[in-house]
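Encoded as structure tokens, the structure appears first; notes follow it.
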Amino acid sequence: MPTKTFTFICLYNHQSIGVRTLCSILRDRGWNYNLIFLKPHIESIIREIPSEEEIQLAIDKVIDLNSDYVGLQVFSSFIELASILTERIQALGIPVFWGGPHPTVMPDDAISTADMIFMGESEHSFIDFIERTEKGEDLSTIAGSWHRQGDKITKNAGLHVEQNLDLFPFPYFDNEHTYYIGDGTLSPYTENYKFYVMMTARGCAYSCTYCVNSFLRKEFGNKGFVRARSVDNCIQELEEMVGKYPIDHIYFSDEIFGTQKKWVREFAPKYKEKIYLPFCCLFHPNTVKEDVVSILKDAGLSKVGMGLESGSKEIIGDLYDRRTTTEKMLKACNLLNKYGIRVAYDIILDSPYDTEKTLSDTLDLLLKIPKPFILSAFSLTPFAGSALTQKMLDDGYITEDDIEGNVKTRRSKAVWAWRANDKGLRKFDSYWNGLILLCGSTRFPNWIIKMLARMRFLKYLPSFIWRVVKAKDIMVKKFGENTLEIKNSSADQIFSSPFHLRAVIDDQLFKKPVNSVREEDIVFREQIATTENGQWKARGRASSPFTYLVKGKYQPQKKGRYLIAEGKLLNGGFTLGLLHDEEWLQKVSVVNKGSFKIVLEVPNDDTYAVTLANNLSEGSLQNDFTIDKIGWLEDGAAA
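So in my numbering the end of the sequence shown lands on 1793, straight run, no missing numbers.
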């Protein structure tokens, strides 16, 4: 039988581990496979929908690739786009299959558009599809799938929860057969995968009422729902990828990482021995135990994402069923801070069940958490299938049309207003939301926030608080002959994204030491640089959410000079390079412990900034290194 071609279209998601795994399955069975990424991956907020031109580019590429089947990974937030693409591709006579959260939770809705849907973890169903297609057999009775032919819909039970995750191949992370559509153009997808995403486990030990897991655990059952790959299988995948790409950071995207202590105790030393790159993961407050944190920190843990959601005992316990307490949350926060681990906390705002008391409790909790931390505030979104959505329906707070991904109205709150903002809220919501968001900024000490909270008349003027929240000005402080600039990396996501902090050194870098900067401003634990006998010596140790740059300008007197630096990396990682007109001209990242020697060639006569930067902006909070010698050399001397 001639080889078939299966083309996947991924919407706003370059990670797509599930789809990439299916590509590996197709590859191993000799099928042609393609990946089209439509629009860039943007965490948590989508600013634009694809243009008509971009949609047509995707359809034209499907035709150009001689696709026999097209698969879409469909989240409820993108149901409108998925439906448009599906209907136009079907008009070409090409069947379209859907997989992902939306068809799993709303199969009746999904099958009204798609020709076939795969529900839940679809590897086994997909393998069955491949084998039946190759044999010319009926596709309508594949377990875990629904099939539509005209008005006839065949619904098949048999959702499969595989216990041995090592059975599946590693996700396909090569750039061949892969395309990207954005900014009105289509191009081959090129990614060096410096930041690698992988999963070590599936399933979640919790069933929070606002989360799809409250639906999945009910459908699949509690027994065997949380499963982990073997440690050796995970390490093997990482070794292959690290050997292939210049990866300098790992993100474990498990629902909650390392819930099994036995697995963690085996994983940590092997990861440290064979990989030892900074990594980040997700924790639940209940899983933050000192024995787990300490061993993972030693292996390279640099950042943690953790949901707090609310500081109200009633909201956390009765409404969200988080199975934790504010005391446990605060204990977890203090423990992570003790180990110098950078943390991004999530909270949920805009809930109709919130009162001034519950929001005040949330503010009180955040004011007790040690800074610095990143605060991401999300607007409560009713997703289909969640227990909280059903409660909101029963209590009359929403209608069916308000549920995320309702096909009839094509509503998509997550596309337009995922992050909390000040639009369309009750006045007291707007007031408290603004105060809560200020907690994530090191620019505003807690005493200022507490003072604003005592000014209850501001409750009737919440726009004042939000003018502070949305401030776009740049704060500049001077320390002697040095200047410290602090500015937000994104005015639209202020206090949700880390600030960029830059200490700019004057052009006397090689002659004068850097003045000590106050810890509360930069949170450097040691002086950044000193001089000794005319040479620049640097020792950096940072504990902050900032990307920091230390610059020194130098203008070579003739072409062909070299910048050379020697030292030792003790922990974390950094980048040393040359800037020209605020653009990287050359740079070298140092991430492996031990001695290093960096040589950069200066190509022409001009002024360059020697830049020392934390290249782990999403990574290690603690960078510890020494630069024992740095300077400019004549032609040939670098050798």
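The beta carbon of each residue, even a glycine, is placed where N, CA and C say it ideally should be.
Run through DSSP, which three-state label would residue i get?
| i | result |
| --- | --- |
| His1403 | strand |
| Ser1299 | strand |
| Met1797 | Since the displayed the chain opens at 1155 and closes at 1793, residue 1797 lies outside it and no answer follows. |
| Asp1500 | strand |
| Val1753 | strand |
| Ala1453 | helix |
| Phe1611 | helix |
| Ser1644 | At Ser1644 the pLDDT is 27, less than 50, meaning the model places this residue with poor confidence and gives no usable figure here. |
| Arg1139 | Look at the range of the chain in this structure, 1155 to 1793, and you will see that residue 1139 is not part of it. |
| Tyr1585 | helix |
| Ala1311 | coil |
| Asn1186 | strand |
Please go through the same chain and pick out, in chain order, the residues whose beta-carbon is closer than 7 Å to the beta-carbon of residue i, but skip the five residues on each side of it.
| i | result |
| --- | --- |
| Lys1613 | Lys1581, Phe1582 and Tyr1585 |
| Ile1603 | Leu1521, Leu1589, Leu1592 and Cys1593 |
| Glu1345 | Asn1329 |
| Ser1170 | Cys1164 and Gln1227 |
| Leu1489 | Val1442, Glu1444 and Val1447 |
| Thr1104 | Given a span of 1155 to 1793 for the chain in the structure shown, any question on residue 1104 remains unanswerable. |
| Glu1755 | Tyr1716 |
| Pro1616 | Asp1576, Lys1581, Ser1584, Tyr1585 and Gly1588 |
| Arg1131 | The chain is shown only over 1155 to 1793; residue 1131 falls outside these bounds and no answer can be derived. |
| Lys1306 | none |
| Arg1610 | none |
| Asn1310 | Thr1295, Ile1296, Ala1297, Gly1298, Ser1299 and Trp1300 |
Taking C-beta to C-beta, are residue i and residue j nearer than 8 Å?
| i | j | result |
| --- | --- | --- |
| Ile1271 | Trp1252 | yes |
| Met1273 | Ser1299 | yes |
| Ala1876 | Ser1530 | As shown, the chain starts at 1155 and ends at 1793. That puts residue 1876 outside it, with no answer to give. |
| Leu1189 | His1331 | yes |
| Tyr1360 | His1438 | yes |
| Leu1431 | Gly1459 | no |
| Pro1323 | Ser1466 | no |
| Leu1547 | Tyr1507 | no |
| Leu1741 | Gly1731 | Rather than Leu, the amino acid found at residue 1741 in this sequence is Lys. Contact flag set, yes. |
| Ile1404 | Met1352 | yes |
| Ala1541 | Ser1368 | yes |
| Asn1440 | Thr1480 | no |
Rounded to the nearest angstrom, how far is the Cβ of residue i from that of residue j, given a contact under 8 Å?
| i | j | result |
| --- | --- | --- |
| Glu1463 | Lys1428 | So it is not a contact: roughly 36 Å between Cβ atoms. |
| Lys1215 | Leu1340 | 6 Å |
| Pro1204 | Leu1235 | 7 Å |
Relative to the alpha-carbon of residue i, which residue among the options has its alpha-carbon at the smallest distance?
| i | options | result |
| --- | --- | --- |
| Glu1468 | Val1228, Lys1511, Met1353 and Val1446 | Lys1511 |
| Phe1191 | Trp1185, Leu1165 and Asn1310 | Leu1165 |
| Gly1461 | Asp1475, Ile1404 and Lys1372 | Asp1475 |
| Cys1362 | Ala1355, Arg1356, Lys1193 and Arg1371 | Arg1371 |
| Val1745 | Thr1308, Phe1433 and Val1385 | Phe1433 |
| Leu1723 | Gly1748, Val1742, Leu1739 and Gly1731 | Gly1748 |
| Glu1420 | Pro1204, Glu1316, Lys1348 and Ala1382 | Ala1382 |
| Ile1243 | Ser1466, Ile1209 and Met1609 | Ile1209 |
| Thr1308 | Asp1269, Gly1559, Ile1410 and Leu1235 | Asp1269 |
| Ile1523 | Ser1540, Lys1485, Gly1559 and Glu1554 | Lys1485 |
| Pro1599 | Phe1369, Lys1525 and Leu1503 | Lys1525 |
| Gly1225 | Met1260, Gly1172, Asp1218 and Leu1211 | Gly1172 |
| Gly1290 | Arg1356, Tyr1399, Thr1157 and Ala1355 | Thr1157 |
Is residue i close to chain D? Criterion is C-beta to C-beta, closer than 8 Å.
| i | result |
| --- | --- |
| Asn1488 | Absence of chain D from the displayed structure is noted, only one protein chain being present. |
Cutting at 6 Å between CB atoms, please list the residues of its own chain near residue i, excluding the five before and the five after it.
| i | result |
| --- | --- |
| Thr1267 | Ser1237 and Thr1240 |
| Leu1517 | Leu1589 and Ile1590 |
| Ser1505 | Leu1534 |
| Leu1176 | Phe1280 |
Ordered along the chain, which non-local residues of its own chain (more than five positions away) have a Cβ less than 8 Å from that of residue i?
| i | result |
| --- | --- |
| Leu1180 | Phe1160, Asn1186, Tyr1187 and Ile1284 |
| Ser1221 | Thr1159, Phe1160, Thr1161, Asn1188 and Ile1248 |
| Glu1207 | Gly1338 |
| Glu1174 | Note on residue identity: the sequence assigns Arg, not Glu, to residue 1174. Only Leu1189, Pro1325, Tyr1326 and Phe1327 meet the Cβ criterion. |
| Asp1627 | Any reading at Asp1627 must be qualified, since the residue scores a pLDDT of 33, below 50, and its modelled position is unreliable; the value itself is stated next. Excluding residues within five positions, none has a Cβ falling inside 8 Å. |
| Ile1213 | Leu1239, Arg1242, Ile1243 and Leu1246 |
| Tyr1333 | Asn1188, Leu1189, Ile1190, Phe1191, Lys1215, Leu1340, Ser1341, Pro1342 and Tyr1343 |
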